[in-house]
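Peer 1:
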Amino acid sequence: ETSEYRYRMSIMSSSPLESSLTSSWDSSNPYPDIHTVMFGYSGRLLPYESQPQFWSKYQVWDWVQQIMDMHQIDTSSIPLQNFDMDGHQLCSLSYQDFLLAAGSVGPILFNSLSELKWSGNPGSVKSLFVVTEMCEPCLHPVLPVASHTPSNQRGIHLWEFIRDILIDPERNPGLIKWEDRREGVFRFLKSEAVAQLWGKKKNNSSMTYEKLSRAMRYYYKREILERVDGRRLVYKFGRNARGWREVEK
DNA sequence: CGTTGCTTTCCTGTTT
DNA sequence: TAAACAGGAAAGCAAC
Numbered sequence: 001e002t003s004e005y006r007y008r009m010s011i012m013s014s015s016p017l018e019s020s021l022t023s024s025w026d027s028s029n030p031y032p033d034i035h036t037v038m039f040g041y042s043g044r045l046l047p048y049e050s051q052p053q054f055w056s057k058y059q060v061w062d063w064v065q066q067i068m069d070m071h072q073i074d075t076s077s078i079p080l081q082n083f084d085m086d087g088h089q090l091c092s093l094s095y096q097d098f099l100l101a102a103g104s105v106g107p108i109l110f111n112s113l114s115e116l117k118w119s120g121n122p123g124s125v126k127s128l129f130v131v132t133e134m135c136e137p138c139l140h141p142v143l144p145v146a147s148h149t150p151s152n153q154r155g156i157h158l159w160e161f162i163r164d165i166l167i168d169p170e171r172n173p174g175l176i177k178w179e180d181r182r183e184g185v186f187r188f189l190k191s192e193a194v195a196q197l198w199g200k201k202k203n204n205s206s207m208t209y210e211k212l213s214r215a216m217r218y219y220y221k222r223e224i225l226e227r228v229d230g231r232r233l234v235y236k237f238g239r240n241a242r243g244w245r246e247v248e249k
């Protein structure tokens, strides 16, 4: 497994991906550890680790955003809703489909996907072993998703929506990151993307971080959130926020 | 129908 | 300077 590991690392180190990842991971830490470089945010598995046709729709989003980052394109310049699909659907898109979905960015995404289709790692037993060894969520399994994704209850609250993205790193496409897991401190990495996703949930295509953050500020009074001063895009769960701790119930 | 809770929208001003 | 932060004010809306 050592050779495969070195192979992976050499790919990662020589690509623009590394700088893209480390800069958005934590600007205060110039020396990201192996875990960070290999798995990115929240210990999640990078979509590059498997074949695109098997990506979840969250991994598709992740891929789109990382390609945009690599090309220094603002994520908000294309409607991410157009990529609300899983890897299988993504792989069946034509060049024309990409043009329609992403305009001038379409060809970039199309070419990137074409490359991945050819060089995609089949996902061997060894790579799965490495993932199991290093993936934090595997060592500390989160509570069943069903208890947090209300199928019977209508109308999810914003803070629950944020929490559910955070506690399920597998599905968190680098949108929000824990700053201090135990204390419940977290930071928005892609504020506008989170707003779009929230808007999608509420069937509101005009949602922005500006408006989302106003709702977040209302949570301070209700002690669902606590203030974190001087740190942009950073929030902290308060005493009235439930279901975010690692050991809770 | 009216109330209530939770936003959503808009705004002006301040801070980073 | 752009992006966030702060809140007041008021509208929207679904549940009750």
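With UniProt numbering, the residue at position 191 of the first sequence is 191, and numbering never jumps.
C-beta atoms are modelled at their ideal positions from N, C-alpha and C, and glycine is treated no differently.
All values reported here derive from a predicted model rather than from experimental measurement.
Using the Cβ count rule (16 or more neighbours within 10 Å means buried), how would you classify R163?
Peer 2: Translated into the one-based positions of the first sequence, residue 163 becomes position 163. Under this definition R163 is a buried residue.
Peer 1: Identify, in the order they occur along the chain, each residue of the same chain with its Cβ nearer than 8 Å to the Cβ of S227, setting aside the five sequence neighbours on each side.
Peer 2: Counted from its first residue, the first sequence places residue 227 at position 227. Here the sequence assigns Arg to residue 227, which means Ser is not the residue at that position. Hits under 8 Å: Y220 and K236.
Peer 1: Roughly how far, in whole angstroms, is the beta-carbon of L99 from the beta-carbon of P52, given that I think they are within contact range, below 8 Å?
Peer 2: Within the first sequence, the letter at position 99 stands for residue 99. Within the first sequence, the letter at position 52 stands for residue 52. Actually they do not touch by this definition, with Cβ atoms about 19 Å apart.
Peer 1: With DSSP run on the structure shown, which of helix, strand or coil describes V234?
Peer 2: Walking along the first sequence from the start, residue 234 turns up at place 234. V234 falls in the strand class under three-state DSSP.
Peer 1: With H, G and I counted as helix, E and B as strand and the rest as coil, what does DSSP make of E115?
Peer 2: Position 115 of the first sequence, counted from the start, is the residue given in the question as residue 115. Helix at E115.
Peer 1: Report the rounded CA-to-CA distance for S205 versus F186, giving the unit in angstroms.
Peer 2: If you number the first sequence from 1, residue 205 lands on position 205. If you number the first sequence from 1, residue 186 lands on position 186. If you take the alpha carbons of S205 and F186, they lie about 25 Å apart.
Peer 1: Please determine, among P79, M85, M68 and K202, the residue with the shortest C-alpha to C-alpha distance to V60.
Peer 2: One-based indexing of the first sequence puts residue 60 at position 60. V60 has its Cα closest to that of M85, out of P79, M85, M68 and K202.
Peer 1: So K177 is in the alpha helix (DSSP H); what residue range does that whole segment cover?
Peer 2: In the first sequence, counting from the first residue as 1, residue 177 sits at position 177. Here K177 belongs to no alpha helix (DSSP H); instead the beta strand (DSSP E) covers I176 to D180.
Peer 1: How is R245 classed by DSSP in three states: helix, strand or coil?
Peer 2: In the first sequence, counting from the first residue as 1, residue 245 sits at position 245. Note: R245 maps to coil in three-state DSSP.
Peer 1: Taking the Cβ atom as the reference point for each residue, do L175 and W198 lie within a distance shorter than 8 Å?
Peer 2: Translated into positions along the first sequence, residue 175 becomes position 175. Translated into positions along the first sequence, residue 198 becomes position 198. Contact: no.
Peer 1: For K190 and A241, I'd like the C-alpha separation in whole angstroms.
Peer 2: Your numbering for residue 190 matches position 190 in the first sequence. Your numbering for residue 241 matches position 241 in the first sequence. Distance between the alpha carbons of K190 and A241 is about 22 Å.
Peer 1: Which residues does DSSP list as the beta-bridge partners of V185?
Peer 2: One-based indexing of the first sequence puts residue 185 at position 185. Paired residue(s): D180 and K236.
Peer 1: Classify P47 as helix, strand or coil using the three-state DSSP reduction.
Peer 2: Here residue 47 corresponds to residue number 47 of the first sequence, with the count starting at 1. Reliability of the predicted coordinates at P47 is poor, the pLDDT of 41 falling under 50, and no value is obtained from them.
Peer 1: In the DSSP assignment, what residue or residues form a beta bridge with residue 264?
Peer 2: Since the first residue of the chain shown is 1 and the last is 249, residue 264 is not available in this structure.
Peer 1: Sort M68, K117, W178 and N172 by Cα distance to S104 and report the nearest one.
Peer 2: Your numbering for residue 104 matches position 104 in the first sequence. Checked all of M68, K117, W178 and N172; the closest Cα to S104 is M68.
Peer 1: Classify K177: buried if its beta carbon has 16 or more other beta carbons within 10 angstroms, exposed otherwise.
Peer 2: Reading the first sequence from its first residue, position 177 is the one you call residue 177. So K177 counts as buried.
Peer 1: Should V145 go down as buried or exposed, given a rule of 16 or more other Cβ atoms within 10 Å for buried?
Peer 2: For the purposes of this step, residue 145 is taken as residue 145 along the first sequence, with counting starting at 1. Unreliable positioning characterises V145 in this predicted model, as indicated by a pLDDT of 33, which lies under 50. The coordinate reading is nonetheless provided below. Flag for V145 reads exposed.
Peer 1: Determine the closest residue to V247 out of I156, S92, R181 and S56, with distance taken between C-alpha atoms.
Peer 2: Indexing the first sequence from 1 puts residue 247 at position 247. For the residues I156, S92, R181 and S56, the minimum Cα distance to V247 belongs to R181.
Peer 1: Using the C-alpha atoms, what's the distance from Y218 back to R239?
Peer 2: The residue you call residue 239 lines up with position 239 of the first sequence. The residue you call residue 218 lines up with position 218 of the first sequence. Cα to Cα, the separation comes out at about 15 Å.
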